[in-house]
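Report on the following structure.
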Amino acid sequence: MGLALVQNQSLKQKLTPALFQSVTLLQFNHEQLSDYIKEKATGNPLLHVGETDFGYTPAHSVAGEEARSTTDVIEETVQSPGSFRDQLHMDLHQLSLSKNGIAAADLLIDCLDQNGYLTENPAEILDRFGMDSDLAEQALQVVQTLEPAGVGARTLQECLRLQLDRMEPRSPLAEKIISDFSDYFLSGSWQELAGKLGISEKQVKEAVALIRTLDPAPVHDHTGQQTPYVFPDVVVRRTENGLVCELEDRLLPKVTLETGAYRAYMTQADRETKRYLKQKKAEAQWLLNGLSRRKKTVLQLSTLLVDKQADFFRTGDMGTLRPFMMKEAAQAMSVNESTISRAVANKYLQTPYGLFPIKTFFVRPMKKNRQEISSHQIISRIKALIDEEDPGKPYSDQELARRISESGYRLSRRTVAKYREASGIGSTILRRKR
3 MGLALVQNQS
13 LKQKLTPALF
23 QSVTLLQFNH
33 EQLSDYIKEK
43 ATGNPLLHVG
53 ETDFGYTPAH
63 SVAGEEARST
73 TDVIEETVQS
83 PGSFRDQLHM
93 DLHQLSLSKN
103 GIAAADLLID
113 CLDQNGYLTE
123 NPAEILDRFG
133 MDSDLAEQAL
143 QVVQTLEPAG
153 VGARTLQECL
163 RLQLDRMEPR
173 SPLAEKIISD
183 FSDYFLSGSW
193 QELAGKLGIS
203 EKQVKEAVAL
213 IRTLDPAPVH
223 DHTGQQTPYV
233 FPDVVVRRTE
243 NGLVCELEDR
253 LLPKVTLETG
263 AYRAYMTQAD
273 RETKRYLKQK
283 KAEAQWLLNG
293 LSRRKKTVLQ
303 LSTLLVDKQA
313 DFFRTGDMGT
323 LRPFMMKEAA
333 QAMSVNESTI
343 SRAVANKYLQ
353 TPYGLFPIKT
363 FFVRPMKKNR
373 QEISSHQIIS
383 RIKALIDEED
393 PGKPYSDQEL
403 ARRISESGYR
413 LSRRTVAKYR
423 EASGIGSTIL
433 RRKR
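Take 3 as the starting number for the sequence shown in this note's numbering and just add one per residue.
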């Protein structure tokens, strides 16, 4: 009986308008929150919405740059259609690359067409923007490691080959057909192709069937909408007293409760109008309280992340990110894990090294013997091994996995390949110097 009563009271508490609004506000990003505030003000004569202090940072600000105030950032000249570029920029900025490498890859992403192809010469693109054109090939390789497979291809052949490269098990025959005999494939000349390759027509058809499962247009985004800019919710600044988190809420309209108007209305209102005004005052207060709680939660979470990931915020090295889960943050802040999830959703942190989704700083642990390590630390280990390898005989992914296992990290060849590609490191063939 007592338990049922507690559960019922808990349910009622969860469904109160004030609490429901707080939950709703917490998961909004800047744009959504601004629209929500304006919508609420439209139906509430006691809410006053003022102007914003305008300033912003592009979603793909260069990682490695010193932190800048949002008012210091000029508008990007490229406003290309298709939201798929947003995801590519975000994925790119989670890689451990140099400042120039990130900047070059960012430019190439902006120049992709709506199907995800790069139809311009990458060296000419970088040269046009005053960047070192020698970075072009490496930057393109980085873009081509991003999802979906095939993005960043310059031709149909390259698009299909990039997709085949990620398939397990590999199909050397399908790769050869795409690379050397694409004309026969496109014309459907299976018998001639079999003769050229010295194999049966059945083998050719099996390889062709595999090729036909590939997507000639890796990106299907024909919305024609402009890529929206992403603004930081929190800025991490260096001060004499160390790193400090500051809410970047100047993009949000200023909201106030018109208490003077409320008192004036109440002196002249009839009973029904007074009831209406009291309800609107309560709704306005719910909104203001919810906004205050949202600020407090986001700031508290950001401060916690800066503390937990202190090595990254001192050095900018992604390899220093430590394992840290949302449930751990929830425990530290004495809130539900769902609260942390909402606080993380669609939000960004401006650091001294670039703009990052807040979720970047939550890292799933891996096991080294009985100790937990992060995927970023694994990537650092892979990079260290590759830096030490003989350029004439670079390590295969299998050899990298074996050497890493000697340090206590048990990884498969496929996992090593995944981390290597995500870091923009080329395959054995691409790394070999004759």
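Beta carbons are placed, not taken as given, at the ideal position from N, Cα and C, and that holds for glycine.
Keep in mind it's a predicted model, so treat the numbers as computed, not measured.
| Item | Value |
| --- | --- |
| Near ALA176, which residues of its chain fall below 6 Å by C-beta distance, leaving aside the five closest residues on each side in sequence? | LEU166, ALA209, LEU212, ILE213 |
| Under three-state DSSP, which class holds CYS247? | strand |
| On the DSSP letters alone, give me the boundaries of the alpha helix (DSSP H) that PHE315 sits inside. | 312-317 |
| Give a yes or no on whether the C-beta atoms belonging to ARG87 and LEU114 are separated by under 8 Å. | yes |
| Can you tell me where the beta strand (DSSP E) holding TYR350 begins and where it ends? | 350-353 |
| Measuring only the C-alpha atoms, how far is ASP108 from PHE358? | 14 Å |
| Tell me whether the segment 311-318 and the segment 343-359 touch, counting them as touching only if at least three CB pairs, one residue from each stretch, are closer than 8 Å. | yes |
| Just to confirm the assignment, what range does the alpha helix (DSSP H) spanning HIS91 have? | 86-94 |
| Is ASP223 helix, strand or coil by DSSP? | Because ASP223 sits at a pLDDT of 48, beneath the cut-off of 50, its placement in the model cannot be relied upon, and the point is left open. |
| Just to confirm, are VAL236 and LEU301 a CB contact at a threshold of 8 Å? | yes |
| Quick one: measure Cβ to Cβ for LEU110 and VAL145, integer angstroms, because I've assumed they're closer than 8 Å. | 5 Å |
| For a quick check, are the C-beta atoms of LEU35 and LEU48 less than 8 Å apart? | no |
| Among the residues of its own chain, which have a CB less than 8 Å from the CB of PRO396, if the five just before and after it don't count? | ILE388, THR430, ARG433, ARG434 |
| Are THR299 and THR341 close, meaning C-beta to C-beta below 8 Å? | yes |
| Just tell me which of PHE22, ARG295, SER382, HIS32 has its CA closest to the CA of ASN348. | HIS32 |
| Can you check DSSP and say which residues form a bridge with LEU216? | According to DSSP, which records beta bridges pairwise, LEU216 is partnered with nothing at all. |
| LEU162 and GLU216 - do their beta-carbons sit closer together than 8 Å? | For clarity, residue 216 is Leu in the given sequence; the question names Glu instead. Cβ distance < 8 Å, so LEU216 and LEU162 count as in contact. |
| To the nearest angstrom, how far is the alpha carbon of LEU199 from that of PRO218? | 24 Å |
| Just reading off the beta strand (DSSP E) that ARG239 is part of, what are its end residues? | 236-241 |
| Between which residues of its own chain and LEU259 is the CB-CB distance below 8 Å, once the five residues before and five after are set aside? | LEU48, LEU49, HIS50, LYS283, ALA286, GLN287, LEU290 |
| Taking Cβ positions, are ALA332 and ASN338 nearer each other than 8 Å? | yes |
| Do you know how far the Cα of HIS91 is from the Cα of SER98? | 13 Å |
| For PRO47, which of helix, strand or coil comes out of DSSP? | coil |
| Could you tell me the alpha carbon to alpha carbon distance between THR417 and PHE314, rounded to whole angstroms? | 24 Å |
| Between which residues of its own chain and ALA263 is the CB-CB distance below 8 Å, once the five residues before and five after are set aside? | PRO47, LEU48 |
| What does the Cβ neighbour count give for SER382, buried or exposed, with the cut at 16 atoms within 10 Å? | buried |
| Do you know whose CA, among LEU94, PHE183, VAL257, GLU194, lies nearest PRO150's CA? | LEU94 |
| Buried or exposed: ASN117, going by 16 or more other Cβ atoms within 10 Å of its Cβ? | buried |
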